[in-house]
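Colleague: Here it is, the structure in full.
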Ligand code: ATP
Ligand code: MG
């Protein structure tokens with residue numbers, strides 16, 4: 009990312025530290041264009057730490073490495089014990105050595121050859137293949153020690169969270185919105201969640217489901233705030249005052265205005281939703297146009313061109329699917345009209361809103377009475 013590189017890396021390391029914090033003391037630092045997370049105490053859960061790092065946006069690949077003294081015998085014995093599982097499973101291998109400490113008595117070539125020979129003597133079933141080995145054993149002799157590791161594993165990629173600004177994301181209990189949040193966070197957006205709840209039409213359990221979806225997202229992003237907006241009064245008012253076929257779009261516009269208000273308070277530059285074109289009545293082009301006209305922050309809809317099965321695939325990958333399909337009520341479905349208008353015009357929407365004189369005041373009240381929940385796993 010050109011001149012931004014340093015600030016991107018700083019942001020990335022901050023997220024890594026945040027995600028490892030609850031596991032114990034880790035030192036996270038950068039040296040020679042590689043980032044390291046090193047346990048500073050004995051007995052830390054390295055499997056979990058590895059998983060958390062692997063799911064941090066901004067990292068393309070990770071490897072788990074053993075650090076030993078800069079001594080050739082120590083390197084060799086580390087390689088054969090630390091990588092035992094990989095060495096047993098492979099048929100062909102090679103050793104790739106790098107030496108940034110030029111004072112080390114052997115050069116890279118010598119390290120690779122000698123260490124390769126030692127590994128062969130311990131695992132005679134192996135064959136050396138320098139072109140397309142099944143396993144590459146890496147030995148890196150660096151300033152503070154020698155690192156031994158196997159091939160890199162893929163990480164989630166994307167950009168470090170926090171490098172693309174902040175957005176309010178609208179989180180329902182459905183399949184789509186967690187996927188939308190994940191996708192935008194992957195592009196470096198810091199999230200602030202907003203959920204509309206309508207008790208007693210929606211239950212406490214429905215809210216807890218949304219909290220657990222938010223927690224699943226935070227596995228990737230690190231912690232964030234989820235604001236729960238009390239929406240009952242507004243929905244009842246719209247049910248009583250507005251034309252029924254327009255209910256859904258009127259409700260969505262109200263949600264968007266409240267999101268704009270809360271978003272501005274939090275310094276958000278946009279609103280993220282899980283809408284997908286024509287999936288339901290409120291997601292036609294005409295309905296989206298009416299929704300967009302409700303407020304002035306840009307609305308990001310990463311799922312707009314995706315099919316349901318493509319969305320479901322991602323939701324399974326990020327482990328939100330099973331939670332999303334739990335059968336709890338959502339505030340949107342509670343009052344949904346049997347025949348929503350799929351092609352509303354802005355003129356008729358504005359006319360309906362004009363008759364709902366108490367609406368602005370109710371929206372201000374709802375935005376003031378939010379419940380803030382800090383999400384972090
Ligand atoms: P989802 O699967 O995300 O619930 P959906 O297909 O049910 O989406 P809608 O109900 O039309 O679609 O909602 C569209 C988008 O509006 C959602 O993806 C979400 O971003 C937002 N949204 C809907 N209901 C709520 C809610 N109760 N609280 C916060 N945001 C909501
Ligand atoms: Mg929904």
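Residue numbers (our numbering): 9 to 385. C-beta: ideal position from N, C-alpha, C; glycine also.
Three-state secondary structure (DSSP) at residue 73?
Modeller: In the structure shown, residue 73 sits in a strand (DSSP, three-state: E or B).
Colleague: Excluding the 5 residues flanking residue 352 on each side, which residues of the same chain have their C-beta closer than 7 Å to its C-beta?
Modeller: 254, 257, 294, 295 and 298, listed in sequence order.
Colleague: Give the DSSP-derived three-state secondary structure of residue 47 in the structure shown.
Modeller: Reduced to three states, the DSSP call for residue 47 is strand.
Colleague: Would you say residue 120 and residue 80 are within 9 Å of each other, going by their C-beta atoms?
Modeller: No. Outside cutoff.
Colleague: Going by CA-CA distance only, name the one from 309, 279 and 268 that's closest to residue 286.
Modeller: It is 309.
Colleague: Counting beta carbon pairs with one atom in the region 212-227 and one in the region 258-266, are three or more of them shorter than 8 Å?
Modeller: No, because fewer than three Cβ pairs between the region 258-266 and the region 212-227 fall closer than 8 Å, the two stretches do not touch.
Colleague: Please go through the same chain and pick out, in chain order, the residues whose beta-carbon is closer than 8 Å to the beta-carbon of residue 61, but skip the five residues on each side of it.
Modeller: Around residue 61: 24, 27, 28, 45, 67, 70 and 163.
Colleague: Start and end of the alpha helix (DSSP H) containing residue 359?
Modeller: Taken as a continuous stretch (DSSP letters only), the alpha helix (DSSP H) holding residue 359 covers 354-363.
Colleague: Going by DSSP, what residues sit across from residue 175 in a beta bridge?
Modeller: DSSP lists 199 as partners of residue 175.
Colleague: Does the ligand ATP have a heavy atom nearer than 8 Å to the CB of residue 346?
Modeller: Checking every heavy atom of the ligand ATP against the Cβ of residue 346, none is found closer than 8 Å.
Colleague: Just checking my contact of residue 383 with residue 181 at CB under 8 Å: how many whole Å lie between their CB atoms?
Modeller: With a Cβ gap of about 15 Å, residue 383 and residue 181 do not count as contacting.
Colleague: Counting only the same chain and skipping the five closest in sequence on each side, list residues whose C-beta sits under 7 Å from that of residue 184.
Modeller: If we look at residue 184 and ignore the five residues flanking it on each side, its Cβ neighbours are 282, 284, 311 and 319.
Colleague: According to DSSP, which residues form a beta bridge with residue 205?
Modeller: Per DSSP, 238.
Colleague: For residue 48, I'd like the list of residues in its chain whose CB is within less than 7 Å of its CB, leaving aside the five on either flank, ordered along the chain.
Modeller: For residue 48, where only same-chain residues beyond five positions count, the Cβ hits under 7 Å are 33, 34 and 35.
Colleague: Measuring straight from C-alpha to C-alpha, what distance separates residue 151 and residue 132?
Modeller: Cα-Cα distance, rounded: 32 Å.
Colleague: Should residue 288 be counted as a contact of the ligand ATP given a C-beta to heavy atom distance under 8 Å?
Modeller: It does: the Cβ of residue 288 is within 8 Å (strictly closer) of some heavy atom of the ligand ATP.
Colleague: With a threshold of 8 Å (Cβ to nearest heavy atom), would residue 291 be considered close to the ligand ATP?
Modeller: Correct: residue 291 has its Cβ closer than 8 Å to the ligand ATP.
Colleague: Could you tell me which whole beta strand (DSSP E) segments of length 3 or greater appear in the region 116-149?
Modeller: Taking only runs of at least 3 residues, the beta strand (DSSP E) segments lying wholly in the region 116-149 are 143-149.
Colleague: Exposed or buried, which one is residue 91 when buried takes at least 16 other CB atoms within 10 Å?
Modeller: Burial call: buried.
Colleague: For residue 107, list the residues DSSP reports as bridge partners.
Modeller: Answer is 149.
Colleague: In chain order, what residues of the same chain lie with their CB nearer than 6 Å to the CB of residue 100, ignoring the 5 residues before and after it?
Modeller: If we look at residue 100 and ignore the five residues flanking it on each side, its Cβ neighbours are 135, 137, 141 and 142.
Colleague: Quick check: is any heavy atom of the ligand ATP less than 8 Å from the C-beta of residue 89?
Modeller: Residue 89: no, Cβ never under 8 Å from the ligand ATP.
Colleague: CB-CB under 7 Å to residue 360, same chain, minus the five flanking residues each way: which ones, in chain order?
Modeller: Around residue 360: 250, 251, 254 and 258.
Colleague: According to the neighbour-count rule (16 or more other Cβ atoms, all chains shown, within 10 Å of its Cβ), is residue 11 buried or exposed?
Modeller: That one is exposed.
Colleague: Our contact map puts residue 169 next to residue 65 with C-beta atoms below 8 Å; I'd like the distance itself, whole angstroms only.
Modeller: Yes, they are in contact, since the Cβ atoms of residue 169 and residue 65 sit about 5 Å apart, within 8 Å.
Colleague: Please state the DSSP three-state secondary structure of residue 102.
Modeller: Residue 102: strand per DSSP, three-state reduction.
Colleague: Counting Cβ pairs, one atom from each stretch, are 3 or more of them under 8 Å apart for the region 199-214 and the region 327-344?
Modeller: Yes: the two stretches touch, three or more of their Cβ pairs being nearer than 8 Å.
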